[in-house]
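S.K.: Supplied in structure tokens, the structure appears directly below.
There are 2 protein chains.
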Amino acid sequence: MTETIQARPGGRSARVRAAVHRAVEELAAAGPAETLTIPAVAARAGVHPTTVYRRWGSVAQLLADVATSRFSGDVVVPDSGSLAGDLERWMGDVATDLADPDVLALMRATIGSGPEGGCACTADRHEQLGAIIEREKARGGRVPELERAVDMLLGPLYYRAIFSGRPASSDWARGLVAALLAG
Amino acid sequence: MTETIQARPGGRSARVRAAVHRAVEELAAAGPAETLTIPAVAARAGVHPTTVYRRWGSVAQLLADVATSRFSGDVVVPDSGSLAGDLERWMGDVATDLADPDVLALMRATIGSGPEGGCACTADRHEQLGAIIEREKARGGRVPELERAVDMLLGPLYYRAIFSGRPASSDWARGLVAALLAG
DNA sequence: ATGCTAACGCAACGATGAGTGCGATAATTT
DNA sequence: AAATTATCGCACTCATCGTTGCGTTAGCAT
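If you read the protein sequences in the order shown, they are chains B and P.
For what it's worth, the UniProt record's numbering labels the leading residue of the first sequence as 1, then goes sequentially.
For what it's worth, the UniProt record's numbering labels the leading residue of the second sequence as 1, then goes sequentially.
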């Protein structure tokens, strides 16, 4: 949760923003998609609907903002010394994060809100994966293409989360790393 | 488009159903997500809103119905004689289908409508992939696990379609088959 | 400590989505 | 061919979303 560091004491705007973000996450997790409306968010956040309308404008923009905040900086890029170790550790963390039903609900709502929704959920993950590969390249090791890594790691992981009902265990996610590095 | 075979002459219900389905696809492709409302769908379909409310109840159920219809039976399972040939041909067809922006818009809306939305988009694809593998097994050939095939074929394909902005070309999709069969 | 500015709350309004009872129509069955 | 039944259209009502103007408050700077 990034809200604690964003809600700096003394800033009302930051406080309101944090409350609204939290309300969006809770509502997305609780009810069906059509209940995620601006008046409902405002009521749950203890804020007047006008404020939300003025600062975010629409549910789509609000969801994009919440998603980019929620899906950035919540997973730390490890530095275990080896590419395999970094990837396994990182994939396990991402899979654990994706195991939370509330996170999935937020992702689904964001995807449904517009064409850019999906990118908002995974843009930071792309950067993190690129950073891991770049670091190994700096070490002098042989590295896979970033595109290929995205396909074989993030692809199955997010596919299971969204399309297949079955849960993506942390162990299984780490197993994908072996398949990538073997090819 | 499956509408032509569903709109059998003489059946008013089927005609209405086809018109509503078509309207949903068009509206999902055209405007933002919040414009996909039941009165709008009814108006575009030339049908009274009451009819849509009574037959489908909510936008989520309507989207699930449209998605299962649209994503079933639109790709024929090939029979080229070999597993690699079948998979390459089938992946190319699926990728071509996913290249249509309208199809993507419908998928996004369906995913956002509820937890079951994603499954409605890929359930038929799972069955088709299972059928291809089963047939090869009947031929006596060595086959990969269905789970593994889903991870390495459908995973990257649908991830690119939803999360990554980049288009999934038909050639690239066929290339995934080689990676699967090599492992 | 005091003035300034940006953000928020409030109260109203219009627009539109959601739901209901009833009559009419088309498709099916005997 | 006539009766039956499921389905649809229509008129009406209620709830609520989206928006605007104005006053107030909190945060910030001198």
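All C-beta atoms, glycine included, are put in the ideal place defined by N, C-alpha and C.
For the stretch 148-168 of chain P, enumerate the residues whose C-beta is nearer than 8 Å to any C-beta of chain B, in chain order.
M.R.: Per Cβ criterion, the list reads Val150, Asp151, Met152, Leu154, Gly155, Pro156, Leu157, Tyr158, Tyr159, Arg160, Ile162, Phe163, Ser164, Gly165.
S.K.: Output, in chain order, the set of chain P residues within a Cβ distance shorter than 9 Å of B/Glu34.
M.R.: Those are Ser58, Val59, Ala60, Ser113, listed as they occur along chain P.
S.K.: Alpha carbon to alpha carbon, how far is P/Val16 from P/His48?
M.R.: Near 10 Å, if we compare the C-alpha coordinates of P/His48 and P/Val16.
S.K.: Using a Cβ-Cβ cut-off of less than 7 Å, list which residues of the stretch 91-110 of chain B approach chain P; keep chain order.
M.R.: If the cut-off is 7 Å between Cβ atoms, the stretch 91-110 of chain B has Arg108, Ala109 near chain P.
S.K.: State buried or exposed for P/Ser80, treating a residue as buried only when at least 16 other CB atoms are found within 10 Å of its CB.
M.R.: It is exposed - the Cβ of P/Ser80 has fewer than 16 other Cβ atoms within 10 Å.
S.K.: Let me know the beta strand (DSSP E) ranges lying completely inside the stretch 89-152 of chain P, each 3 residues or longer, listed in chain order.
M.R.: Within the stretch 89-152 of chain P, no complete beta strand (DSSP E) run reaches 3 residues.
S.K.: Taking the alpha-carbon positions, what's the P/Tyr53 to P/Ala40 distance?
M.R.: Cα to Cα, P/Tyr53 sits roughly 12 Å from P/Ala40.
S.K.: Tell me, please, whether the CB atom of P/Gly183 is closer than 8 Å to any CB atom in chain B?
M.R.: It does: the Cβ of P/Gly183 has a partner Cβ on chain B nearer than 8 Å.
S.K.: Output needed for P/Arg174: all residues of its chain with C-beta closer than 6 Å, excluding positions within five of it in sequence on either side, in chain order.
M.R.: Within the same chain, P/Arg174 has close Cβ partners Glu88, Met91, Gly92.
S.K.: Would you please verify whether the beta carbon of B/Thr122 is less than 8 Å from any beta carbon of chain P?
M.R.: Chain P, which has a Cβ nearer than 8 Å to the Cβ of B/Thr122, makes this yes.
S.K.: Could you compute how far the alpha carbon of B/Arg148 sits from the alpha carbon of B/Ala43?
M.R.: Those two C-alpha atoms are separated by around 45 Å.
S.K.: Looking at the secondary structure, which residues open and close the alpha helix (DSSP H) in which P/Leu27 lies?
M.R.: Residues 12-30.
S.K.: Under a Cβ-count criterion, where at least 16 other Cβ atoms within 10 Å of its own Cβ denotes burial, should P/Gly130 be classed as buried or exposed?
M.R.: Label assigned to P/Gly130: exposed.
S.K.: Flag this pair as yes or no: are the beta carbons of B/Pro156 and B/Leu176 separated by less than 8 Å?
M.R.: Yes, the Cβ-Cβ distance between B/Pro156 and B/Leu176 is below 8 Å.
S.K.: Taking 8 Å as the threshold, find out whether the stretch 137-148 of chain B comes into contact with the stretch 134-145 of chain P through three or more Cβ pairs.
M.R.: No, because fewer than three Cβ pairs between the stretch 137-148 of chain B and the stretch 134-145 of chain P fall closer than 8 Å, the two stretches do not touch.
S.K.: Does P/Glu26 come within less than 8 Å of chain B when only Cβ atoms are used?
M.R.: So, not an interface residue.
S.K.: How is P/Arg160 classed by DSSP in three states: helix, strand or coil?
M.R.: Residue state, collapsed to three classes: helix.
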